Amino acid sequence: MALQVGMVVETEFLRLVLRQLVRRMAGVELVGEAVSLAEVLALPGGDALIADVALCAADPAGFAALCRLYPGRIVLIGDGDSVARPGLSIPAGVIQVPMGTANGGRDLSMLANRLQESLRPLAARARPAQASEPVIPVLRRAGRVRRPELILIAASTGGPEALQELFGALQPPICPIVIALHIPAEHCGGLARHLGASTGHVVVVGEVGPLPSRGVVLLQGGMDHLVVARDDGLWLRRAPAAASVFHPNGDILLGSGAVLDRAVVGVILTGMGNDGCAGAIALAACGYPVLAQTPGSCAVPGMPAAAIAAGVVREVASLSGIADRLNAWFALPIPESSLAG
Numbered sequence: 470m471a472l473q474v475g476m477v478v479e480t481e482f483l484r485l486v487l488r489q490l491v492r493r494m495a496g497v498e499l500v501g502e503a504v505s506l507a508e509v510l511a512l513p514g515g516d517a518l519i520a521d522v523a524l525c526a527a528d529p530a531g532f533a534a535l536c537r538l539y540p541g542r543i544v545l546i547g548d549g550d551s552v553a554r555p556g557l558s559i560p561a562g563v564i565q566v567p568m569g570t571a572n573g574g575r576d577l578s579m580l581a582n583r584l585q586e587s588l589r590p591l592a593a594r595a596r597p598a599q600a601s602e603p604v605i606p607v608l609r610r611a612g613r614v615r616r617p618e619l620i621l622i623a624a625s626t627g628g629p630e631a632l633q634e635l636f637g638a639l640q641p642p643i644c645p646i647v648i649a650l651h652i653p654a655e656h657c658g659g660l661a662r663h664l665g666a667s668t669g670h671v672v673v674v675g676e677v678g679p680l681p682s683r684g685v686v687l688l689q690g691g692m693d694h695l696v697v698a699r700d701d702g703l704w705l706r707r708a709p710a711a712a713s714v715f716h717p718n719g720d721i722l723l724g725s726g727a728v729l730d731r732a733v734v735g736v737i738l739t740g741m742g743n744d745g746c747a748g749a750i751a752l753a754a755c756g757y758p759v760l761a762q763t764p765g766s767c768a769v770p771g772m773p774a775a776a777i778a779a780g781v782v783r784e785v786a787s788l789s790g791i792a793d794r795l796n797a798w799f800a801l802p803i804p805e806s807s808l809a810g
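In structure tokens:
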């Protein structure tokens, strides 16, 4: 089985170079490309990740999260004869591939040789998946829960009714709640108004730009979004459309939360298929809690059942039980670090 490699590189030239190099390597398959760390979770699952050190140096917290998701399987590319960057901590397991010389220039033939040498041992460790037994990653379980700074919800069939019941039992949120619901774009405005009127919460249709500091944001149907961190807070950003037929895509939304340096909570509600499962795996791998609706209470149990089967759900509960858990977490004290300055 070929080593499946993803790539996160900002510049088109370097992406083109790496794309050609990887495609020429025997036993290596390029499975996806991203232009920011937040978009990596939208890539198909892979055995390794090639990353541009310039992007990682600009987002050290995001890089640390990627290192947890790809332990010992990140190939870090940098100009010059060193990959090191001021302020960027590079774990011992990260494979460093300088692609140039001491004067900062690039030597593409040198890059090709070094890249091939770095991928060879990873390819040797790659094992074929057994068709009869799906591979479930070993994940670090969520630790002590912090006061939530962002809640991400994925839902599909039966979602409008489930959201109404959930928010009807939920106290005023202390942070943004962003929902990826598989719904046509033309129905989003009406559903947001209905949820607001029936539950008393402020519910808006999400647009590219800053997220409100608290309240409920329903993503626009037909398109995918990431949550990204900026100096002035959390923002929504358009994401490249996923290969999935579902837009907004729950995996992209939840996956984007895994690379944030925030206290993130994932919630998987009723729905057909397994959207949200990959995002839940990413959140759990970074220690963030995931809650799932009890399958027996779902209109269609596929989505929460998939996340539960993957072993990444911290708690399975009814809609009122999920609301109770979130209400309890809302009451947690604000971390001292948030009060400083």
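Numbers 470 to 810, taken from this note's numbering, label the letters of the sequence shown in order. We put the CB at the ideal spot given by N, CA and C, even for glycine. Please read these numbers as outputs of a predicted model, since none were measured by experiment.
Residue closest to residue i, alpha-carbon to alpha-carbon, out of the options
{"i": "P773", "options": "P642, I543, A623 and V478", "result": "A623"}
{"i": "G675", "options": "L621, I543, L524 and T668", "result": "L621"}
{"i": "G771", "options": "L580, M741 and R493", "result": "M741"}
{"i": "I803", "options": "A666, G669 and P617", "result": "P617"}
{"i": "L722", "options": "P560, L660, D793 and I646", "result": "I646"}
{"i": "G726", "options": "T480, V614, D521 and L506", "result": "L506"}
{"i": "G756", "options": "V728, S766, A638 and A527", "result": "V728"}
{"i": "I791", "options": "G501, F636, P540 and P590", "result": "F636"}
{"i": "L639", "options": "N796, V509 and G765", "result": "N796"}
{"i": "D550", "options": "R583, I559 and D528", "result": "R583"}
{"i": "A649", "options": "H663, V696 and G669", "result": "V696"}
{"i": "G658", "options": "V677, P641, A631 and V686", "result": "V686"}
{"i": "S587", "options": "G541, P560 and A631", "result": "G541"}
Own chain partners of residue i with C-beta closer than 6 angstroms, once the 5 adjacent residues on each side are dropped
{"i": "A530", "result": "D730"}
{"i": "V759", "result": "G735, A749, L752, A753, V781, V782 and R783"}
{"i": "A747", "result": "D720"}
{"i": "V504", "result": "E479"}
Residue i versus residue j - alpha carbon distance
{"i": "Q689", "j": "A761", "result": "23 angstroms"}
{"i": "I777", "j": "A517", "result": "25 angstroms"}
{"i": "M579", "j": "S787", "result": "57 angstroms"}
{"i": "T626", "j": "A712", "result": "19 angstroms"}
{"i": "I543", "j": "P567", "result": "14 angstroms"}
{"i": "D720", "j": "P555", "result": "33 angstroms"}
{"i": "V672", "j": "I652", "result": "16 angstroms"}
{"i": "V607", "j": "G745", "result": "Model confidence at V607 stands at a pLDDT of 38, short of 50, so the residue's coordinates are unreliable; what they give is reported in the following sentence. When rounded, the distance between both Cα atoms is 18 angstroms."}
{"i": "L738", "j": "E655", "result": "22 angstroms"}
{"i": "G724", "j": "H716", "result": "14 angstroms"}
{"i": "L591", "j": "Y539", "result": "12 angstroms"}
{"i": "Q599", "j": "G515", "result": "Model confidence at Q599 stands at a pLDDT of 40, short of 50, so the residue's coordinates are unreliable; what they give is reported in the following sentence. Each residue's alpha carbon lies about 16 angstroms from the other."}
{"i": "V563", "j": "S789", "result": "43 angstroms"}
{"i": "L664", "j": "D528", "result": "36 angstroms"}
{"i": "V486", "j": "E634", "result": "51 angstroms"}
{"i": "R794", "j": "V733", "result": "14 angstroms"}
{"i": "A767", "j": "H694", "result": "Residue identity check: residue 767 is Cys in the sequence provided, not Ala. The alpha-carbon atoms of C767 and H694 are separated by roughly 25 angstroms."}
{"i": "V414", "j": "L801", "result": "With the chain covering 470 to 810 only, the question about residue 414 has no answer from this structure."}
Which of helix, strand or coil DSSP assigns to residue i
{"i": "M741", "result": "coil"}
{"i": "E618", "result": "coil"}
{"i": "P597", "result": "Low confidence applies to P597: its pLDDT is 47, below 50, so where it sits in the model is not reliable enough to give any reading."}
{"i": "Q640", "result": "coil"}
{"i": "A710", "result": "coil"}
{"i": "I777", "result": "helix"}
{"i": "R589", "result": "helix"}
{"i": "M692", "result": "coil"}
{"i": "P606", "result": "Reliability of the predicted coordinates at P606 is poor, the pLDDT of 39 falling under 50, and the value obtained from them is presented with this limitation in mind. Correct three-state label for P606: coil."}
{"i": "A561", "result": "coil"}
{"i": "R683", "result": "coil"}
{"i": "R583", "result": "helix"}
{"i": "E630", "result": "helix"}
{"i": "E784", "result": "strand"}
{"i": "I791", "result": "helix"}
{"i": "A624", "result": "strand"}
{"i": "A654", "result": "helix"}
{"i": "G669", "result": "coil"}
{"i": "A661", "result": "helix"}
{"i": "M568", "result": "coil"}
{"i": "A797", "result": "helix"}
{"i": "G475", "result": "strand"}
Close beta carbons around residue i, own chain, < 8 angstroms, minus the five adjacent residues each side
{"i": "G702", "result": "P679, L680 and S682"}
{"i": "I643", "result": "R616, P617, R683 and F799"}
{"i": "C525", "result": "L506, G531, F532, L535, L545, R554 and L557"}
Close beta carbons around residue i, own chain, < 7 angstroms, minus the five adjacent residues each side
{"i": "L499", "result": "V474, M476, R488, V491 and R492"}
{"i": "Q585", "result": "M494"}
{"i": "D521", "result": "V477, V478, E479, L483 and I546"}
{"i": "G743", "result": "Checking the displayed sequence, the identity of residue 743 turns out to be Asn instead of Gly. Counting only Cβ-Cβ distances below 7 angstroms, and skipping sequence neighbours, we find G771, M772 and A775."}
{"i": "A471", "result": "G496, V497 and E498"}
{"i": "T763", "result": "V785, A786 and S787"}
{"i": "A710", "result": "D693 and H716"}
* Could you pull out every unbroken beta strand (DSSP E) segment of at least 3 residues lying fully inside the region 479-546, listed in chain order? => 497-503 and 517-521
* Asked: What are the start and end residues of each continuous alpha helix (DSSP H) run of 4 or more residues lying completely inside the region 720-769, in chain order?
  -> 746-754
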